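A.B. asks: One structure, as structure tokens, below. Some questions next.
Below, the structure is given as structure tokens:
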């Protein structure tokens, strides 16, 4: 396999970073450092392509961009995996078959991003105009131009939607392959690449894609490159993920907005009704009061419990960093909290606030709830528990705007739209031979502890891989923990990108006797 | 006094509407009906001028428009009453001195409107593009052009910000004067006109204007033309108004938005915190739980209690009309509720809902509260009761975004900004001789009951007239009760405008032996 001469630039090696680890890691480090300018330039071009669900044309451009990047790297059998359902966003596939390899790894990342509200981003940022900063923008990082020839410092960050979640994953995987190829190292497994385009939209067609392309996607292990490393900065391997489910709630009051002077405290106020309903969902200690909410949970095995106990406690550092001195659930550590099902308000709205506020009683109040699930929870059952709770608060639950008849009949009316994009949690055994190899490979890239996380906080539809492919999955995240994923000012710290390339390269070349 | 020939159009009298009442009312009715086209045309031009607080230039244009309209009608001594404070919006003044009149009436309305959020208005409406409808837009009213020569049906409505609150008041007063003048009827009082420009901004400079122009504004009675008639459609006289006070609340959680999977149920959720805080302010029966909230209230006199008992009960009709079957305060009628202090959520917001929702934990949650007051409440004391309640919920209350030090020190942080635009309630005695004349005059325009309302739901800074001018006030509202004032789709029903002109004319000419 030949590498195009255009991507072989003179090495500009920053010696202080090569103190490490395995010979492979040193080779990859040397390669990425001498190719920083080109890697970042390609990454920035990638980030400039809008990748939100409501922009199918933008998603298509992202897919084309990835296919071109794979082609440049000599990856073969490149194709879109298009499900039959009209309007579904295809996944991008490619592969490298290695002579003599007996097993196959398939690397997963996703190219779509969360919705953006540009008004919420820092004034100088725009979600799809990637910008370079000397550090975190909320810690006095300042904007600098992309240096045309210079070196990039590892603490610098790039801000854009998808910078960490999960175009960083796509970029790390593709450049890891490029680096080992350029270094003349042979992968020890057949390599497959799978880049999803609907992850942030709930992977609604992933089941269809997996079923439809079952034989193409055959592998011994899916390596999921998504999510952040541990908050301590240590690399981590996550053996499972939380599941996820949503509900949209809309409480209805008067059919028309009312003057609060003429009707205040007589006509029902939907904001107060919603406040009371939401407040009923948690007790004063932050425990969810929904009946049976913590049932169904499959406890951790002794090995998982041991690993969890060894996960560094980040509670004090995170409180300090986030500017909070009180946690939601009294007496529960962050590590423990992630291994419990959760109920969280993503947003709520009624009437107007700020300069648009007026003396009215609004007509409705709405909230978006997300439920995170752990192993044992079924996402639809978990949604139903919340619906039952709402009914128990004397609400008539409908799936439409209430009719006049319903308004006459019921004192409390709520529209509940359970999201159709939910999925269950998943957990892979730490005892599998191939998983032990993964642990060893990640440790080989690093001098310090690698955190073994029984459950990662983020949700990924990993149960689908089990269900449709009987596949094993393992998650190896690379982004900095303070990356603002899913919110405004999303960013990636460059050191995490370089580390990610090394980790992915180590996995592609891990021993497989 | 001569009427310009341009405004003496051939009378097109719709006989069916002239079945009424006093000879004066019949004359006014005939006049307005024959001048409908011109009155509506002028009114629509007036409504097309934006009148929100954040647009001082727009407010100035409104004032100029009114001055011109007064000039056309031969009103004298027209001037802007400009307070010394820079940036204050002036009131518009004019007068008609009547030979032999011993007493003076001063007619009040306001020309500014509530803020607008055009996105919340019906698709086909724009707040400052007045449109004519065949009925209420939420009851299948349809848009029709302003008829160039035709008659206007009394059930038609005009939609625009200020259509009822309170450009209808300005228009009714000016056209009432025009009608009696054209009819050759002599007013029985000196007439003064006072049109405020900051009522919806809390009348923040009204005290200054009243103090500064004390001698110019001397009068025996202020007649306040603002607010809606009774929901039964009956005319009403309001002897008092509720007071009003605001508070802006912002609960702070993490300094940056967090991924709900990684931090959900560990990091505090500000929307849940705010929901619990708001929920703590009312009990299950809708009673405000803030300590001392119902103290200070001066009870109704026996005459006021009697009048209140005679106010028609609108509870069932309003429930039906508003599409509600449950009221906020169990067992309390609308008439009773208005005579109690209230706490109402105007708006609340945290994170994003709908298509912009994402799996985050927001950084803050905010709500706007309005407190309506009754006689005896002091608006600052009432605000303080709520602040004390918030403190009792274990909140550290600040007036700024919390500092890092404060974040470290306090588990629950809230910024509370008490509005500076509050004012107290007011109530005028029903037993005063001039008030008895007002009651008789309004009754003379109508065959049915005139509702005598001890307290009107809406708030007006009437206590200021007592405080600065030792003046007596009485409120004679004219708008339809379903006018959407203070919200989207504000409108006036034309019959209310015509009725309003008749009522104002009857007051200008009421007997004064």
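Residue numbers (the numbering used here), protein chains in the order written: chain A, 2 to 514; chain P, 2 to 514.
For each residue, glycine too, the CB sits at the ideal point set by N, CA and C.
From a predicted model like this one, the values you see are computed outputs, not experimental measurements.
#1: For residue 502 (chain P), which residues from the same chain have a beta carbon less than 7 Å from its beta carbon, with the 5 sequence-adjacent residues on both sides left out?
#2: Could you have a look at residue 299 (chain P) and say whether DSSP puts it in helix, strand or coil?
#3: Do residue 472 (chain P) and residue 165 (chain P) come within 7 Å of each other at the CB atom, strictly closer than that value?
#4: Could you check whether the Cβ of residue 407 (chain A) sits closer than 7 Å to any Cβ belonging to chain P?
#5: In three-state DSSP terms, what is residue 97 (chain P)?
#6: Suppose you measure from the CA of residue 435 (chain A) to the CA of residue 270 (chain P); what does that come to, to the nearest Å?
#7: Can you tell which of P:475, P:446, P:399 has its C-alpha closest to the C-alpha of residue 433 (chain P)?
#8: List the residues that DSSP assigns as beta-bridge partners of residue 419 (chain A).
#9: Give, in chain order, every residue of the segment 369-400 of chain A whose Cβ lies closer than 7 Å to some Cβ of chain P.
#10: Quick one, which of P:223, P:183, P:344, P:377 has its alpha-carbon nearest residue 299 (chain P)'s?
#11: Answer yes or no: do residue 98 (chain P) and residue 191 (chain P) have a C-beta to C-beta separation smaller than 7 Å?
#12: Counting only the same chain and skipping the five closest in sequence on each side, list residues whose C-beta sits under 6 Å from that of residue 253 (chain P).
#13: What does residue 245 (chain A) reach in chain P if we use C-beta pairs closer than 8 Å?
#14: Ignore the nearest five residues each way along the sequence and tell me which others in residue 504 (chain P)'s own chain have a CB closer than 7 Å to its CB.
#15: Just the C-alpha distance for residue 12 (chain P) and residue 208 (chain P), rounded to the nearest angstrom, thanks.
#16: Give a yes or no on whether 7 Å exceeds the smallest Cβ distance from residue 200 (chain P) to chain A.
#17: Counting contacts by CB-CB distance shorter than 7 Å, is residue 328 (chain A) in contact with chain P?
#18: Mind checking residue 430 (chain A): buried by the 16 CB within 10 Å criterion, or exposed?
#19: Taking the alpha-carbon positions, what's the residue 261 (chain P) to residue 343 (chain A) distance?
#20: Classify residue 9 (chain P): buried if its beta carbon has 16 or more other beta carbons within 10 angstroms, exposed otherwise.
#21: Give me the Cα-Cα distance between residue 510 (chain P) and residue 247 (chain P), rounded to the nearest whole angstrom.
#22: By DSSP, does residue 261 (chain A) sit in helix, in strand, or in coil?
#23: Would you kindly work out how many angstroms separate the C-alpha atoms of residue 162 (chain A) and residue 457 (chain A), rounded to a whole number?
#24: Contact check, residue 348 (chain P) vs residue 369 (chain P) under 8 Å by CB: the rounded distance?
#25: DSSP three-state call for residue 77 (chain P): helix, strand or coil?
#26: Name the one or two DSSP bridge partners that residue 82 (chain P) has.
#27: Tell me the DSSP secondary structure of residue 5 (chain P) in three-state form.
#28: Which first and last residues belong to the beta strand (DSSP E) in which residue 199 (chain A) is found?
#29: Kindly indicate the opening and closing residues of the beta strand (DSSP E) around residue 347 (chain A).
#30: Using a threshold of 7 Å, state whether the C-beta atoms of residue 484 (chain A) and residue 490 (chain A) are closer than that.
#31: Is there a Cβ from chain P that is less than 7 Å from the Cβ of residue 425 (chain A)?
#32: Where does residue 504 (chain A) sit, in a helix, a strand or coil, going by DSSP?
#33: Helix or strand or just coil, what does DSSP make of residue 387 (chain A)?
#34: Assuming residue 41 (chain P) is part of the beta strand (DSSP E), what are its boundary residues?
#35: Is the Cβ-Cβ distance between residue 144 (chain A) and residue 153 (chain A) less than 7 Å?
#36: Exposed or buried, residue 448 (chain A), counting other C-beta atoms within 10 Å across all chains shown (16 or more means buried)?
C.D. replies: Short version:
#1: 29, 33, 173, 176, 177, 180
#2: coil
#3: no
#4: no
#5: strand
#6: 39 Å
#7: P:475
#8: A:248
#9: 369, 371, 373
#10: P:377
#11: yes
#12: 365, 403, 414
#13: 262, 360
#14: 236, 443, 446, 477, 479
#15: Below a pLDDT of 50, predicted positions are generally treated as unreliable, and residue 12 (chain P), at 34, falls in that range; no measurement from the model is reported.
#16: no
#17: yes
#18: exposed
#19: 9 Å
#20: Low confidence applies here, because residue 9 (chain P) scores a pLDDT of 31, under 50, leaving its location unreliable; read the following figure in that light. Burial call: exposed.
#21: 39 Å
#22: helix
#23: 21 Å
#24: 5 Å
#25: strand
#26: P:92
#27: Any reading at residue 5 (chain P) must be qualified, since the residue scores a pLDDT of 31, below 50, and its modelled position is unreliable; no value is offered.
#28: Per DSSP, residue 199 (chain A) belongs to no beta strand (DSSP E) and is neither H nor E.
#29: 343-352
#30: no
#31: no
#32: helix
#33: helix
#34: Not the beta strand (DSSP E): residue 41 (chain P) falls in the alpha helix (DSSP H), residues 37-48.
#35: no
#36: exposed
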